[in-house]
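A quick write-up on the structure given underneath.
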Amino acid sequence: MKATEDENRSTRVRETMSRHALRRNQACRSCRKKKLKCDAQRPHCGNCLKQYQVLTSVPAPVGYAHPAEPQCSYDLVDGFALAPDTDPAQKIKQLETQIALLKNKLHERKPTSPASVPPAPADDSDNETVSPSHTSPSSSSQSSNDPAMELLFSGWNMDLPEPTRLNHYIDTFFKYDPCGPALLASLQLSCTDPGFSSLCYFTRYTSRWAPTQHLFAEFHATKTRYYLDKTMATGEEIFPIIQACILLCWYFFNEGRWVEVWIFAGFLTRVGIPLRLNYPGTFATHGHVDHTPVSYLAPPGDFQELESRRRAWWMAIVFDRLASLGGWVHAVDERDLGTELPVRHADFESNFNIPSNPQDLATPPTSSSPTSRNTPTPSFLFIKAVMLFGRVTDYNVRGGLRSTTTPRKGRNPFSLPGFKELDKLVCYDFLESLPLGATIILHNPFLDFVDPHCASTPRCVNSARTILDAYHSYSATGLDAARLHPFAVICWYLAGVVLVQHCKHLIVVGEEQKRLAVWADLNTLKDAMLAYGERSAIGTRQENLLRALMREVEDPERPLTPTEGPVQ
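At position 101 of the sequence shown the residue is numbered 101 (UniProt numbering), and the sequence of numbers has no breaks.
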């Protein structure tokens, strides 16, 4: 018996010695890490297989799942055959054939300008590839007039639609946004120009009303971010980067992607300050104290460049205010804004060196003549309205910044310092009480339906009713509400916040008929947000927030606590 065991042991030793020694890094990674001997069996070595069997013999803890197979992996070593589709010789031959084909087409084609290229078909023929093995000289000459090939030879970026279609997108975008002719010239830029990233944005923004807007828009938004990252790495052309970021920020705002809106809004203001865009003339020759650095940008070369800087800075401030509506501190205080307001659209397009806009944030409308330079333009009113929202946000944030308690419901807010003046500006002085959303944000912390003498209650209810009536009036015209500015959805949500609190109060006092009427109004606003969400995701996101508030009314077990902070 002992002789048999010795014989078996010697046999195993001889077999072990006869095995080939493993080459460097041929053992599996797990055995090398644990410094164990490895048999290098594929797909799993003996050590890893045994450890896996031991591991799976015990039931997995709650919330944990065993891996599907042993965690055994190997480095790529010499001796493994390459995949058939990665044969270097075949790949080189294919590339040489394709290069020869393109050289022949380049030699045969006639010189054409990118602007004269006819539009490509609407189908996906642009994505077809030419197979070198099936191309003959006759087919090469016939395809030399292919619009897609013409764009390729001209150096056009194939990430974009053809120039004719892109021109149409830009025209659509600038129907309601100024500076169209100035940026339309960007079509002639080289694909390596830093300003080229803006073109990707136009295709995204105008595709908001296209049937396949989500994939198309997201593709071009991603391309825009790619160009921005590549350009920012060089530290050059910083102002075109700001312009492209503004356009991209509008996309995130339309989609209700608030985190990205916050990120880009903070980037815009932080970059614009060292560029001295907040100074008069968007340029500073010296600082207020010694050794203060001057602007990184040279003085504006002409009137259009000056106006472009003004508009870019004010758009950055607009996004700073829009991103802070939830009740957050602004990145730039209104006292630090010295930049003149943009001039009228007609004056900007005339390209004449006219004086600066005589109006500022404190200037009331003084003329109703459409030819007067004192007439408030839509862009001017938009900036003033957003800045008014900013003042309301500043008041609410600064009032509770160092307070340990929330504002008491039913408290008379007019006894607080500065509230009466701000309420007068919001509710009376600004174009016949246009900023209804600002009224709700200002008075909502003090809203109390129980107190019949609460001054904030009629302010909020009337504002919510006016917003709802405006939606009904617009819907009666038959126009598509989804083409409204995305901020309309924010106003619908603010009105819904007030109506939800009103509905809770009606449940408490037992007025069922009035509650049903208010509930119908809430469903109207909710349906409007859903309809808007079919075009822009901001509608769906705000509808989810409103539905969460309405669920508190539907659930009798949930306490009827009023909602703080109207915007989330």
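Built from N, CA and C at the ideal position, the CB exists for glycine as well. Source: prediction; values computed, not measured.
When DSSP states are grouped into helix, strand and coil, aspartate 229 belongs to the helix group.
One alpha carbon belongs to leucine 247, the other to alanine 221, and they sit about 10 Å apart. In the displayed model, glycine 63 falls within coil according to three-state DSSP, outside both helix and strand. If you ignore the 5 residues before and after glutamine 542, its C-beta comes within less than 6 Å of the C-beta of Val489, Tyr493, Met529, all in its own chain and listed in chain order. Fewer than three pairs of CB atoms, one per stretch, sit closer than 8 Å, so the stretch 437-457 makes no contact with the stretch 473-482.
Each of Glu511, Val508, Arg515, Ala482 was checked against the Cα of aspartate 527, and the nearest Cα belongs to Ala482. With a beta-carbon spacing of about 7 Å, leucine 341 and isoleucine 383 fall inside the 8 Å limit used to define contacts. Per DSSP, reduced to three states, the secondary structure at leucine 506 is helical. Across the structure, cysteine 38 and cysteine 72 are spaced so that their CA atoms are roughly 11 Å apart. Between leucine 401 and alanine 438, the CB-CB gap reaches or exceeds 7 Å. Under the 10 Å beta carbon count, leucine 106 is surrounded by fewer than 16 other beta carbons and is classified as exposed.
Between arginine 535 and alanine 385, the alpha-carbon positions lie close to 25 Å from each other. Scanning Ser324, Ser379, Asp423 for the CA closest to the CA of valine 343 turns up Ser379. For the pair isoleucine 263 and alanine 312, the CB atoms are not nearer than the 7 Å cut-off.
Rounded to the nearest whole angstrom, the CA to CA distance from alanine 284 to arginine 276 is 6 Å. In this structure, DSSP gives serine 473 a helical state, which the three-state scheme calls helix.
Around the C-beta of tryptophan 250, 16 or more other C-beta atoms lie within 10 Å, and the residue is accordingly described as buried. Isoleucine 263: member of the alpha helix (DSSP H) spanning 258-272, first to last residue.
Between alanine 265 and aspartate 320, the gap from beta carbon to beta carbon is short of 7 Å. Annotated three-state conformation of histidine 330 is coil, per DSSP.
Apart from sequence neighbours up to five positions away, the residues of its chain that approach lysine 420 with a beta-carbon distance below 7 Å are Phe414, ordered along the chain. Short of 6 Å from the beta carbon of arginine 391, and not among the five residues preceding or following it, lies no beta carbon of its own chain.
Looking at His330, Leu322, Gly235, Leu297, the one whose alpha-carbon comes closest to that of histidine 485 is Leu322. Selection Leu416, Leu442, Arg398, Arg411 evaluated against leucine 425 yields Leu442 as nearest (Cα-Cα). For proline 417, the closest C-alpha among the options Tyr226, Asn396, Arg310 is that of Asn396. Of all C-beta pairs linking the stretch 491-507 to the stretch 537-551, three or more are shorter than 8 Å, placing the two stretches in contact. Look at glycine 418 here: in three-state DSSP terms it is coil, with no helix or strand label.
For alanine 27, the three-state secondary structure derived from DSSP is coil. In the DSSP assignment, lysine 50 falls within the alpha helix (DSSP H) that extends over 46-56.
A direct Cα-to-Cα measurement between alanine 470 and leucine 160 gives close to 39 Å. Leaving aside the five residues that flank valine 329 on each side, the residues in its chain whose CB is nearer than 7 Å to its CB run, in chain order, Val397.
The C-beta distance from threonine 466 to leucine 436 rounds to 5 Å, short enough to meet the 8 Å contact threshold. Excluding the 5 residues flanking it on each side, glutamate 307 has same chain C-beta neighbours closer than 7 Å at Pro342, Val343, Phe348, in chain order.
Annotation for glycine 46: Asp39 place their beta carbon closer than 6 Å to its own, counting only its chain and skipping 5 residues before and after. For the pair lysine 93 and isoleucine 99, the Cα-to-Cα distance works out to about 10 Å.
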